[in-house]
Each structure stands twice: as structure tokens, then as C-alpha cells.
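A short write-up of the structure that comes next.
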Amino acid sequence: MQKNTPPRSTIRLTRRGRIALVATGAVVVGTAVAVPLLILRPEEHGRPATLVIPEGWRASQVYAAVDKALALPPGSTKKSLAKAALKLPNDAEGNPEGYLFPAAYPLREKTTPQELLALMVDTANEKFDGAPIAAGAQRNAMNVYQAVTIASIVQAEAATKADMGKVARVVFNRLERGMPLQMDSTINYALGRSTLRTTESDTRIDSPYNSYQRMGLPPTPIDNPGEEAMRAAVNPPPGDWLYFVTVRPGDTRFTADYAEHQRNVAEFNTHQRKGDARAAG
1 MQKNTPPRST IRLTRRGRIA LVATGAVVVG TAVAVPLLIL RPEEHGRPAT
51 LVIPEGWRAS QVYAAVDKAL ALPPGSTKKS LAKAALKLPN DAEGNPEGYL
101 FPAAYPLREK TTPQELLALM VDTANEKFDG APIAAGAQRN AMNVYQAVTI
151 ASIVQAEAAT KADMGKVARV VFNRLERGMP LQMDSTINYA LGRSTLRTTE
201 SDTRIDSPYN SYQRMGLPPT PIDNPGEEAM RAAVNPPPGD WLYFVTVRPG
251 DTRFTADYAE HQRNVAEFNT HQRKGDARAA G
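Residue numbers (full-length UniProt numbering): 1 to 281.
Structure (C-alpha cells):
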């Protein structure tokens with residue numbers, strides 16, 4: 001059923017649901033997305049009291065934040081995974097991506113990386129394994145780990161929280177129709193970056209996270225989603241949408257009609273060119 005998908009040389013879904021048109025080697029893309037900063041609440045005597053993990057951070061960002069918060073050499077937290085005894089689902093195969101739940105975590109004088117990681121995973125299990133998340137996953141014929149994977153894509157792709165449900169529905173509709181997801185957020189994860197500047201050659205990389213070349217969901221979540229993204233993933237609104245594009249901030253358009261989508265993309269590209277012209281002037 002891939003005949004329902006426009007040719008890859010013509011259209012690509014980008015990280016915020018935006019579309020890049022590829023013609024004669026030129027790629028029209030949006031601006032790069034800023035990476036959230038580590039947030040620490042200091043105590044009176046200088047030691048951070050709380051580590052805040054934002055929604056959508058990848059495991060690599062969490063590891064670096066824990067290293068910084070605990071004043072450890074870079075790489076220490078990642079190395080501690082082997083002895084952290086994290087309570088992850090079997091599908092995760094020891095990889096905590098998706099289960100380092102975004103929240104505020106207290107830091108005591110002798111807090112270890114293993115303790116912090118275990119607390120994050122325990123918090124995720126508490127949020128994900130009870131109703132309504134587990135029931136919602138079952139209702140949609142998937143397990144919780146698959147729901148977390150979809151939520152991670154929703155977290156990365158939705159321009160606003162209000163768009164999360166519709167983005168989740170696009171994911172479901174594409175999966176049900178046998179269409180590749182073609183999401184740039186999965187390409188960015190494979191390449192370890194956060195950018196909207198995805199090229200045609202990027203979409204040909206050999207990676208299980210390449211949702212242009214591989215069907216179905218990526219093998220793991222691509223970030224650590226928050227509760228709203230999880231709710232969207234297990235309870236998306238009804239709709240036949242297959243495409244979406246953020247024409248301008250606050251104006252994301254969803255459609256099942258490719259011709260309409262092309263018009264939306266053309267409008268998006270017009271705004272991008274005007275923005276580039278203003279920046280150059």
C-alpha cells in the first residue's frame with residue numbers, strides 16, 4: 001500500500017511535521033530547534049538540590065545532565081547502566097530510552113547515577129503501567145513499549161501540545177495503511193543530532209531508525225516523552241489525516257488529501273523564502 005505515499009523525491013515529513021521539498025538538489029527546510037538547557041535549583045551552599053529533566057530529552061542528554069549535576073566525569077552515568085539494575089520491559093533489551101521520565105528529581109549529598117536512573121525508570125513504570133496508559137495501549141492493539149515509542153515520535157514532531165493527538169493519529173493511519181512513517185525525527189535520532197536540515201542523502205542512511213527505508217516503528221523510543229504525549233499516543237482523536245505541515249508558528253495543517261497538502265507546503269515554502277529574504281536583508 002505504499003502507493004498511497006508520495007514519491008520520496010517529492011516530499012518529506014520533517015521534525016515538526018514540516019515538509020521539505022526536494023528539487024534539483026535543493027532542500028527547503030525550517031530553522032533548527034534549540035536543545036533545552038539543564039535546569040538546576042541551587043541550595044544555599046552551592047550544591048544543586050533538584051535535577052529537572054525536560055520532556056523530549058534523549059537518554060544521551062539525560063546522562064550528560066546527571067554527570068553535570070553530580071560533578072562526575074563525562075560518560076560516568078552511561079557507564080553506570082550495567083550496575084543500575086533498571087526495571088525495564090523486556091522489549092527494551094536494557095536500553096532505558098523512553099523510560100527516563102521527565103520530571104524533577106531530588107539530589108542528596110551521596111546520590112549516585114544508578115539511584116537517579118532507577119528513580120526515573122520507576123517513575124516511568126508507575127506512569128505507564130497503570131490505567132489509563134496500559135489500558136489505552138491494549139485498546140489500540142499494542143503493548144506499552146510500543147505506545148512509548150509512538151509517544152516519543154509525537155513528542156518530537158508536534159509543534160504544540162494541542163497538535164499531539166493529531167500527530168499520533170497520523171502515525172496510526174500511516175502504520176495501518178502500510179505506509180512508511182517518513183519522519184525526520186527518527187533520522188535525527190539515528191544521526192545523534194537535533195536539526196531540521198535533513199537532506200536526501202540523510203534519508204538513505206543504513207539505520208533501523210531510518211523511517212524512510214524501514215517500515216513500522218523504530219526499534220526503540222527516540223526520546224523520553226511526557227505524560228501529554230503518552231496520552232495522545234494511546235487515545236488519539238479520530239481522523240483520516242496522513243500529512244501535516246506547520247505553515248507558520250501556531251498554524252499546523254493536517255489533511256488526508258495530498259493535493260491539499262501540496263498547497264499547504266507551497267505556502268510554507270513561501271513563508272520560508274520570505275523569512276530568508278528578511279534575514280539576508
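We put the CB at the ideal spot given by N, CA and C, even for glycine. On a predicted model such as this, the values are computed, not experimentally measured, just so you know.
Would you say residue i and residue j are within 7 Å of each other, going by their C-beta atoms?
i: Lys87; j: Val52; result: no
i: Pro54; j: Pro106; result: no
i: Ala190; j: Tyr209; result: yes
i: Ser151; j: Pro74; result: Correcting the residue identity first, residue 151 is Ala in this sequence and not Ser. Cβ distance not < 7 Å, so Ala151 and Pro74 don't count as in contact.
i: Thr246; j: Thr252; result: yes
i: Tyr243; j: His261; result: yes
i: Asp187; j: Thr198; result: Residue 187 is actually Ile in this sequence, not Asp. Closer than 7 Å, so yes.
i: Ala131; j: Thr50; result: no
What number of angstroms, rounded off, separates the C-alpha of residue i from the C-alpha of residue j?
i: Val66; j: Thr220; result: 22 Å
i: Arg204; j: Arg248; result: 28 Å
i: Gly250; j: Ser207; result: 33 Å
i: Arg273; j: Glu267; result: 10 Å
i: Ala124; j: Pro96; result: 10 Å
i: Thr160; j: Glu227; result: 14 Å
i: Lys110; j: Ala85; result: 18 Å
i: Gly98; j: Phe128; result: 11 Å
i: Ser80; j: Ser201; result: 36 Å
i: Ala259; j: Glu126; result: 44 Å
i: Glu176; j: Gly239; result: 13 Å
Leaving aside the five residues before and after residue i along the sequence, list all residues of the same chain whose C-beta is less than 7 Å from its C-beta, in chain order.
i: Ser185; result: Arg15, Ile153, Ala156, Glu157, Ile222
i: Leu181; result: Val171, Arg174, Ser211
i: Gln138; result: none
i: Arg263; result: none
i: Met183; result: Leu13, Ile153, Glu157, Ser211
Going by DSSP in three states, residue i sits in which element: helix, strand or coil?
i: Tyr105; result: strand
i: Thr50; result: strand
i: Asp223; result: coil
i: Thr246; result: strand
i: Thr252; result: strand
i: Met230; result: helix
i: Met142; result: coil
i: Met164; result: helix
i: Met183; result: strand
i: Glu113; result: Before going further, note that residue 113 is Pro rather than Glu in the sequence given. Looking at Pro113 - three-state DSSP - the assignment turns out to be helix.
i: Thr198; result: coil
i: residue 283; result: The requested residue 283 is not part of the displayed model; the chain covers only 1 to 281.
i: Ala147; result: helix
i: Asn188; result: helix
i: Tyr212; result: coil
i: Lys87; result: coil
i: Ser207; result: coil
i: Asn125; result: helix
i: Tyr99; result: coil
In its own chain, which residues sit with a C-beta less than 6 Å from the C-beta of residue i, not counting the 5 before and 5 after it?
i: Gly56; result: Gln155, Asp223
i: Gly165; result: Ala232, Pro236, Pro237
i: Thr77; result: Tyr63, Val66, Asp67, Pro113
i: Asp163; result: Thr252
i: Gly136; result: Val234, Asn235
i: Thr149; result: Leu217, Pro221
i: Ala134; result: Val144
i: Arg58; result: Asp223
For residue i, which residues of its own chain have a beta-carbon under 8 Å away from its beta-carbon, when the five flanking residues on both sides are left out?
i: Val35; result: Because the pLDDT of Val35 is 35, which lies under 50, any placement of that residue in the model is unreliable, and the question is left without a value.
i: Lys83; result: Gln114
i: Trp241; result: Lys166, Arg169, Val170, Asn173, Phe254, Thr255, Ala256
i: Met215; result: Gly178, Pro180
i: Asn140; result: Ala147, Phe172, Val234
i: Leu72; result: Val66, Pro113
i: Leu100; result: Ile53, Trp57, Ala59, Val62, Leu117, Met120, Val121, Ala124, Asn224
i: Gly192; result: Ser60
Would you please verify whether the beta carbon of residue i is less than 7 Å from any beta carbon of chain D?
i: Ala134; result: No chain D is present in this structure, which holds just one protein chain.
*When the Cβ atoms of the region 141-152 are set against those of the region 91-103, are three or more pairs found closer than 8 Å?*
yes
*asked:* Count Cβ pairs between the region 56-74 and the region 105-116 that sit closer than 8 Å; are there 3 or more?
replied: yes
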